[in-house]
Structures are given as structure tokens and as C-alpha cells.
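Below: the structure, in C-alpha cells.
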Amino acid sequence: MRFVTALFDALARVGDWAYFFARATFASAAAVVHPTYWLRPLHGVLVGGLPLACVLGLALGVVMWAHTRGVLARTSPGAVDYLPTFLAAAVLLELSPIGAGLIVAARTGASLGAELAAMRVNEQVDALELLGVSPLRRLVGPRVLACIVATPLLHVLITILALGSGYVAEAIAGQTTWLKYQNALLQELRLDEVIPAGLKTVVFGALVGATGCFVGLRAEGGSEGVGKATTDSVVVCSLLVLAADVFLVGLIRFVFG
């Protein structure tokens, strides 16, 4: 009996989240015309994620170069020429988008959960409702929009740094020039692969923003509730990003072949 009750409670929470996600997405679209609402959260997301994105991008390029070069060198002498192509495919199609999504999930998911949980516990959300202000439009929409905008930007930064650090590592080894490296990067990749992979970050941003706000607004129980909301937000946001990545990769392959 307890299992059945827990199952129905879990399904109810999933339904509540899905309904909230749909409303938050529409609220984020409406927030576009109010830049004063979402520019400040956008600044917070970018500033918080920038150091992690820089470290991740630089590390990805060097580590992927080192591992891939060794494998290709053992395969055949000419296979090393395809190193930039493999590096670009791995970074652009998967590592950079998922890295940006997880950075926003870990950094901003926690921040949103804690911030809105504190506002809920301190009855600031209730005060907004009494004043006739919609928390969804004033608090949730701008924060979701900030995550939607910031995640692709972090993806671009990670990609540039990863491909750049990969080139520096290869150039130090004395095996390539920039022109040769650039041509190899663009040799096999197609726009119908790169663009959908980059657009995954828009979905990741929406999921993180809406989920962080959802968890935060449902907090209760004082400071303990704020801490629980922060932890739950990070875990749930990260799991959703990973699950969405698997689903979106399958969808992209189905649509684009």
C-alpha cells in the first residue's frame, strides 16, 4: 500500500512539474520584452558559469587531443591527419553541449533553488501574490529566459576554447599549421549535425531554469527547507539534462538521419 501511495505521489509531482514547465516556458517568452527583468539573472548565470566553462574548455581540448592522438597514431600513420576532425566532432556534437548544460545545472540550478526557496520561506512570494504580481511572470519567466540564453553562450565558449587548446597542443608537437588544422576541422562536419547539437543547449537551459524554480517555490520548513531545495535542485537538474541529452540525440538522428 505504501508503494502504491508513493508511486501516485511521484506521478503527481511529475505532472505538477510538467504543467509548471509549460507555464514557465511561456512566461520566459513573455519576459523577452522586459529586459530589465532577465538581464540581471543572465549576468548571474554567465558570471557563475564562466570560470567552469573556461577550465572545462581548455581541459577538454588538451585531454581529447592527448588520448585521440595516441589511438590514431597506433591505428596507422595517416590516421593522425584526422585528429582535428575527431576532436571537432566530439566537442561540437556532444562534449561541449552536455558540459554547458551540466555547468548551468550545477551552478545555476543550485542558485535558483536556494534563492526562490528563501523567498518562499520568508513569505516574499506570498507578498507578491497579495500585491497582484504573478510570481511566474516576475520571478520564474526571467530566470528561465536567462538560462535559455546563457547555456548556448557557454557552449560556444567551451567549443572555442576546446578547439583552440587542441590546436595549441598539436602545434607545440610540431605536427600541423593553423590552415591545415582549420581545414581538417571543417572537413567532415555538416551544418545539419552541428546546429541541432548546439540547439540542445536551449532545451537544457529551459529544463534547468524551470526545474530550479519549481523546486525552490515548493520549499517549506525554514532554513532546512532551503538547504533541501538547493540539493534537490542540483540533482534533479543534472539528471534531467542527461536524460534530455539521450532523448534529443535519438530525436536528431531520427529527423536528420
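Going by the working numbering, the letters in the sequence shown line up with residues 33 to 289, in that order.
No residue lacks a Cβ here, since even glycine has one placed at the ideal position from N, Cα and C.
Nearest-angstrom Cα separation, counted from PHE288 out to GLY196: Cα-Cα distance, rounded: 28 Å.
Near GLY173, which residues of its chain fall below 7 Å by C-beta distance, leaving aside the five closest residues on each side in sequence? Here the set comprises ALA56, ALA59, SER60, ALA62 and ALA63.
Coarse secondary structure for GLU252, derived from DSSP in three states: Coil, per DSSP.
Can you give me the C-alpha to C-alpha distance between ASN215 and TRP49, rounded to a whole angstrom? If I take the Cα positions, the gap works out to 46 Å.
Contact under 7 Å by Cβ, ALA238 with TRP70: No, Cβ-Cβ distance for ALA238 and TRP70 is not below 7 Å.
What span of residues does the alpha helix (DSSP H) with GLU161 cover, start to end? Run containing GLU161: 156-162, per the alpha helix (DSSP H) assignment.
Sort GLY230, HIS66 and ALA146 by Cα distance to GLY254 and report the nearest one. Out of GLY230, HIS66 and ALA146, the CA that lies nearest to the CA of GLY254 is found in ALA146.
For PRO167, which residues in the same chain have their Cβ closer than 6 Å to its Cβ, ignoring the five residues on either side in sequence? VAL157 and LEU160, listed in sequence order.
Around the C-beta of THR100, are 16 or more other C-beta atoms found within 10 angstroms, so that it is buried, or is it exposed? Buried, because 16 or more other Cβ atoms sit within 10 Å of the Cβ of THR100.
Assuming GLY81 contacts ARG139 (C-beta within less than 8 Å), just tell me the rounded distance between them. Between ARG139 and GLY81 the Cβ distance is about 5 Å, and since that is below 8 Å, they are a contact.
Output the boundary residues of the alpha helix (DSSP H) element that contains PRO109. Segment: none, PRO109 is in no alpha helix (DSSP H) and carries neither H nor E.
If you count every other CB in all the chains shown that lies within 10 Å of the CB of TYR199, and 16 or more means buried, which is it? By the neighbour-count rule (16 or more Cβ atoms within 10 Å), TYR199 is buried.
Say the cut is 6 Å; is the CB of LEU272 nearer than that to a heavy atom of the ligand FMN? Inclusion of the ligand FMN in the displayed structure is not the case, the ligand content being empty and no account of it being possible.
Quick check on the DSSP output: the alpha helix (DSSP H) that includes LEU168 runs from which residue to which? Element bounds for LEU168: n/a, residue is neither H nor E.
Which residue marks the beginning of the alpha helix (DSSP H) containing GLU147, and which one marks its end? From DSSP, the alpha helix (DSSP H) with GLU147 extends over 128-153.
Could you tell me whether the segment 219-226 touches the segment 246-264, where touching means 3 or more Cβ pairs closer than 8 Å? Contact fails: fewer than three Cβ-Cβ distances are below 8 Å.
Give a yes or no on whether the C-beta atoms belonging to GLY93 and ALA194 are separated by under 7 Å. Cβ atoms of GLY93 and ALA194: closer than 7 Å.
Helix, strand or coil, according to DSSP, for GLN214 in the structure here? The answer is helix: DSSP assigns GLN214 an H, G or I state.
Pick from ALA105, ARG175 and LEU115 that is closest to THR68, judged by C-alpha positions: The option with the nearest alpha carbon to THR68 is ARG175.
Cα separation between ASP264 and VAL247? Taking the straight line from one Cα to the other gives about 7 Å.
Beta carbon of THR107, beta carbon of GLN219: below 7 Å? No Cβ-Cβ contact shorter than 7 Å links THR107 with GLN219.
Status (buried if at least 16 other CB within 10 Å, exposed otherwise) for ASP41: Per the 10 Å Cβ criterion, exposed.
Residues in the same chain with beta-carbon distance under 8 Å from ARG169, minus the five sequence neighbours each way, listed in chain order, please. Around ARG169: ALA59, ALA62 and ALA63.
Cutting at 6 Å between CB atoms, please list the residues of its own chain near ALA242, excluding the five before and the five after it. Apart from the 5 residues on each side of it in sequence, ALA242 sits with its Cβ closer than 6 Å to the Cβ of PHE53, ALA56 and VAL176 in its chain, given in chain order.
Quick one, which of TRP97, SER128 and LEU186 has its alpha-carbon nearest PRO83's? Scanning TRP97, SER128 and LEU186 for the CA closest to the CA of PRO83 turns up LEU186.
Run the CB neighbour count on ARG45, radius 10 Å, all protein chains shown included, and call it buried at 16 or more, exposed below. So ARG45 counts as exposed.
Could you tell me the alpha carbon to alpha carbon distance between GLY282 and VAL235, rounded to whole angstroms? CA-CA distance, GLY282 to VAL235, rounds to 14 Å.
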